[in-house]
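The letter at position 273 of the sequence shown is residue 301 when you use our numbering, and the numbering goes up by one with no holes. Where is the CB? At the ideal position from N, CA and C, for every residue including glycine. These notes concern the structure reproduced below.
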Amino acid sequence: MLTLFDLQLDVVPVQVAKLAFELHCQYTQELIIELTNPSTISPQKIDELFYIEANQLIFKSIAARNHCTAVNSFRKFDKNDSSMSFRQIFDEAHQLGISEFQEIDTASGRFLGLMTQTVDVLIAAVEAIGSADSSKVFQILRSIGNALPFLSNFRVEDLVELVAAQHLKTSGDMAAGMFFDQLIDYLSMEPVRAKALHALVRENIANENITLYCSALIALAKAEQGLEAIKLALNDVNSDCINLSVSALRALGGISNEWDTEPGLKNDIQKAIKTLVHHPDSRISSQAINTLSNAAAGQHELIPELLAYAKPDNHSVIQVLSSFVFMNLAIVKELPNLTEILLALTNLKVGYTHNFDSVLSRLIKNGAHDQLVYDCLTIWMLKNYDSRALDKNFSSCFNQSLMQLVNKPLLSELITRWLISDERALGAAFSDVISSLWSHGFLQPVFSKDVLDTLENEDFKYLARRLLGWTFFEEPLLSLTFSLLETEDAERRTYGWVRALLANDVGRNYPIATQKAIQEKLTSATPEVEKLLQETQAELLVYADAIKQLPIRSELYPPMPVRIRHAIALKRAKEQREARDKSSEHSIFQQLFTTVPIKVGTGSFSIYGDKIGEITRFASHSVFVTLPAQSVIDPLNDEIARRGFRLVKRGDE
Numbered sequence: 029m030l031t032l033f034d035l036q037l038d039v040v041p042v043q044v045a046k047l048a049f050e051l052h053c054q055y056t057q058e059l060i061i062e063l064t065n066p067s068t069i070s071p072q073k074i075d076e077l078f079y080i081e082a083n084q085l086i087f088k089s090i091a092a093r094n095h096c097t098a099v100n101s102f103r104k105f106d107k108n109d110s111s112m113s114f115r116q117i118f119d120e121a122h123q124l125g126i127s128e129f130q131e132i133d134t135a136s137g138r139f140l141g142l143m144t145q146t147v148d149v150l151i152a153a154v155e156a157i158g159s160a161d162s163s164k165v166f167q168i169l170r171s172i173g174n175a176l177p178f179l180s181n182f183r184v185e186d187l188v189e190l191v192a193a194q195h196l197k198t199s200g201d202m203a204a205g206m207f208f209d210q211l212i213d214y215l216s217m218e219p220v221r222a223k224a225l226h227a228l229v230r231e232n233i234a235n236e237n238i239t240l241y242c243s244a245l246i247a248l249a250k251a252e253q254g255l256e257a258i259k260l261a262l263n264d265v266n267s268d269c270i271n272l273s274v275s276a277l278r279a280l281g282g283i284s285n286e287w288d289t290e291p292g293l294k295n296d297i298q299k300a301i302k303t304l305v306h307h308p309d310s311r312i313s314s315q316a317i318n319t320l321s322n323a324a325a326g327q328h329e330l331i332p333e334l335l336a337y338a339k340p341d342n343h344s345v346i347q348v349l350s351s352f353v354f355m356n357l358a359i360v361k362e363l364p365n366l367t368e369i370l371l372a373l374t375n376l377k378v379g380y381t382h383n384f385d386s387v388l389s390r391l392i393k394n395g396a397h398d399q400l401v402y403d404c405l406t407i408w409m410l411k412n413y414d415s416r417a418l419d420k421n422f423s424s425c426f427n428q429s430l431m432q433l434v435n436k437p438l439l440s441e442l443i444t445r446w447l448i449s450d451e452r453a454l455g456a457a458f459s460d461v462i463s464s465l466w467s468h469g470f471l472q473p474v475f476s477k478d479v480l481d482t483l484e485n486e487d488f489k490y491l492a493r494r495l496l497g498w499t500f501f502e503e504p505l506l507s508l509t510f511s512l513l514e515t516e517d518a519e520r521r522t523y524g525w526v527r528a529l530l531a532n533d534v535g536r537n538y539p540i541a542t543q544k545a546i547q548e549k550l551t552s553a554t555p556e557v558e559k560l561l562q563e564t565q566a567e568l569l570v571y572a573d574a575i576k577q578l579p580i581r582s583e584l585y586p587p588m589p590v591r592i593r594h595a596i597a598l599k600r601a602k603e604q605r606e607a608r609d610k611s612s613e614h615s616i617f618q619q620l621f622t623t624v625p626i627k628v629g630t631g632s633f634s635i636y637g638d639k640i641g642e643i644t645r646f647a648s649h650s651v652f653v654t655l656p657a658q659s660v661i662d663p664l665n666d667e668i669a670r671r672g673f674r675l676v677k678r679g680d681e
């Protein structure tokens, strides 16, 4: 229970009030502050607030310190000052509230409580909100929420007016709920006032005060009058007034833990809500679904009902189911129909998968539902593939899951099965996964040995072609190629494919990286693999020697200004001097590929309404992409070849 001090304001010494404010600004719960000259403070003690001992000012409690801090701020405002604005009052309250987070007793609230001696704080808030932008509105609402316990005998009509004033400026922003949470906490201590507020709002129900209606009934339930709150809501749930019916349904969802207060009551409520799910008005039917979702967390028999409504053509219900699973995964993952629930979520459209992504990432981390996760990701991709979206749907919609897959066996299984699938969509998804992981620093994915062991020669041919068509970075391309050596009876089944890939495509497009990878592989290779790699290396060297013999035509270079040509010549000369010991590597190959640096960065900023605040942090980094040699020499034919690999069908010659 909050302590209210019935003291004259001039009783608190000016210096004590200032020192209380000084402590408050230190973001601490400290009650003691040193004094330089204690004798100047009079009186030396107020029983309810403070006392002086030696050279220390000691407050009796946080409430006492907050009261003195509020008095200090109150004294800044002269009631006879015609220039004083309501905006200034709430700016002062906001400054006090900066250091107060989730505190029950606040200096900002006590300050506004004191200001009721000179102004009607709720009406002042209404006027201040009218001229404020959205960020200021939230500050004002938070200050009013802090002040509610200290506002003596305010009119509930003024509260209704305040809520109406803030509605348009906070509509759709979840932060607005913080004020209503504060209001519920206050009204739960004042059930008589909660009933009065409910009655007033009920008679004047509108879009802007639906949440106020719900807050009053939820507060009544928190005040151990749950049965009365339920009966008041049930009385309105079938109202002809749409806003009243929606309000009652929302309130019932907020107090679903009270439904079994009376025998048979829960069944009656469930029956009424299930009926309203089929109401012709979409607002009522949608709210009925949300109410079922809220109640299903504690009443598991409603989960099949919720699932039954989540049809592929009813996306709004699927979104509700997604939110329910996200909030209650600990419950849902133990249900026998978990598979059915998650497969229903594969009907979510692009842009609505955040909750689903979080659910799957947690299941991946747990590791007990890998096959189900694979099925969900595969089915979703097949349903939502869009070639016009540059094949980026998967990584943008399932980023959390993708990051959780790193170094998991499920990742290898997923990319292997997707690449050997006959579906073009899964090839695009494979490419998206590999590219996204590469950009996050995961450079060496591998194929699943278990899946490779089941493949036939025709499957390996199809896999190799799709690999070349859908992989655009040298590191994963080499890693995946070498992982083909890890299958059963690899010498008979995959050695030929590895050699063909390295010697005829990968090694020619990425010569330096391929030679380096082969050298690293040779250090730990078995005799059979060593022989394969040495033969491949020899082929690549023969190819390199043949390329060296080709004449270089200056006409191949695009025209450029003399200044740039001179700068390039100087740069090349410097590189040649520094690379004398590795001159053998500086062959014609370096003229057949290029490295492109890409500058990107990360930053953080705040958004208030339609305004973006200053960037508070920015860091940049460079990414180097090696382009395939064929793409540089003959980009058109290279793209035709890659497109052919992407479009290839199993069994094609």
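Any non-hydrogen atom of the ligand GTP within 7 Å of residue i CB
{"i": "G326", "result": "This structure simply doesn't include the ligand GTP, nor any ligand for that matter."}
CB contact flag (residue i, residue j, <8 Å)
{"i": "V99", "j": "L37", "result": "yes"}
{"i": "I192", "j": "E236", "result": "It should be pointed out that residue 192 corresponds to Ala in this sequence rather than to Ile. Yes, the pair counts as a contact, with Cβ atoms nearer than the cut-off."}
{"i": "I283", "j": "I258", "result": "yes"}
{"i": "A338", "j": "L349", "result": "yes"}
{"i": "V557", "j": "L513", "result": "yes"}
{"i": "P71", "j": "N83", "result": "no"}
{"i": "E503", "j": "W466", "result": "yes"}
{"i": "H122", "j": "S171", "result": "yes"}
{"i": "E152", "j": "I126", "result": "A small fix is needed here, since residue 152 is Ala in this sequence, not Glu. No, the Cβ-Cβ distance between A152 and I126 is not below 8 Å."}
{"i": "L495", "j": "L447", "result": "yes"}
{"i": "S423", "j": "L430", "result": "yes"}
{"i": "R605", "j": "D450", "result": "no"}
{"i": "L176", "j": "Q210", "result": "yes"}
{"i": "V147", "j": "K197", "result": "no"}
{"i": "S386", "j": "F352", "result": "no"}
Closest Cα partner of residue i within the set the options
{"i": "Q562", "options": "E368, A572, K549, A574", "result": "K549"}
{"i": "L675", "options": "H95, R493, T554", "result": "R493"}
{"i": "Y490", "options": "G326, L330, D680", "result": "D680"}
{"i": "L366", "options": "D133, C404, M409, V474", "result": "C404"}
{"i": "E286", "options": "R520, A323, N342", "result": "A323"}
{"i": "G254", "options": "G326, N375, T289", "result": "T289"}
{"i": "V534", "options": "S552, R520, H307, G497", "result": "G497"}
{"i": "L272", "options": "S310, I246, I233, I301", "result": "I233"}
{"i": "W408", "options": "I60, D398, F426, H397", "result": "F426"}
{"i": "T654", "options": "G158, D398, A541", "result": "A541"}
{"i": "A336", "options": "R600, Y214, E486, E368", "result": "E368"}
Residue i: first and last residue of the uninterrupted alpha helix (DSSP H) it sits in
{"i": "Y571", "result": "555 to 576"}
{"i": "Y25", "result": "Residue 25 lies beyond the range of the chain shown here (29 to 681); nothing can be said about it."}
{"i": "Q210", "result": "205 to 216"}
{"i": "H343", "result": "343 to 355"}
{"i": "D517", "result": "First-last for D517: undefined, no H or E at that position."}
{"i": "F673", "result": "663 to 675"}
{"i": "D478", "result": "477 to 480"}
{"i": "E231", "result": "219 to 231"}
{"i": "E548", "result": "539 to 550"}
Rounded distance between the beta-carbons of residue j and residue i, thought under 8 Å
{"i": "F139", "j": "E155", "result": "Contact flag wrong, Cβ pair sits at about 18 Å."}
{"i": "L373", "j": "I346", "result": "7 Å"}
{"i": "N421", "j": "K377", "result": "About 10 Å; that fails the 8 Å criterion."}
{"i": "E227", "j": "A251", "result": "Residue identity check: residue 227 is Ala in the sequence provided, not Glu. Wrong, their Cβ atoms sit about 16 Å apart, outside the cutoff."}
{"i": "L304", "j": "L277", "result": "7 Å"}
{"i": "L63", "j": "L85", "result": "5 Å"}
{"i": "F501", "j": "S463", "result": "7 Å"}
{"i": "G281", "j": "T319", "result": "4 Å"}
{"i": "L225", "j": "Q194", "result": "Actually they do not touch by this definition, with Cβ atoms about 16 Å apart."}
{"i": "S314", "j": "S344", "result": "6 Å"}
{"i": "V229", "j": "A244", "result": "7 Å"}
{"i": "N375", "j": "P340", "result": "5 Å"}
{"i": "P539", "j": "L568", "result": "7 Å"}
{"i": "D87", "j": "L59", "result": "Residue 87 is actually Phe in this sequence, not Asp. Correct: roughly 4 Å between the Cβ atoms."}
{"i": "Q428", "j": "S389", "result": "4 Å"}
Subject >> Whole beta strand (DSSP E) elements within the region 416 to 463, 3-residue minimum >> reply: none
Subject >> Every unbroken alpha helix (DSSP H) inside the region 118 to 196 [4 residues or more] >> reply: 135 to 143, 149 to 158, 162 to 175
**OP:** Entirely within the region 235 to 274 and at least 4 residues each: give me those alpha helix (DSSP H) ranges in chain order.
**Re:** 238 to 250, 254 to 265
Subject >> Ranges of the beta strand (DSSP E) found wholly within the region 32 to 105, counting only runs of at least 3 >> reply: 60 to 62, 78 to 81, 84 to 87
Subject >> Secondary structure, alpha helix (DSSP H): runs of 4+ residues fully inside the region 318 to 406 >> reply: 331 to 337, 343 to 355, 357 to 360, 366 to 372, 382 to 394
Original post:
Hey, which unbroken runs of the alpha helix (DSSP H) at 4 residues or more fall wholly within the region 271 to 309?
Top reply: 293 to 304
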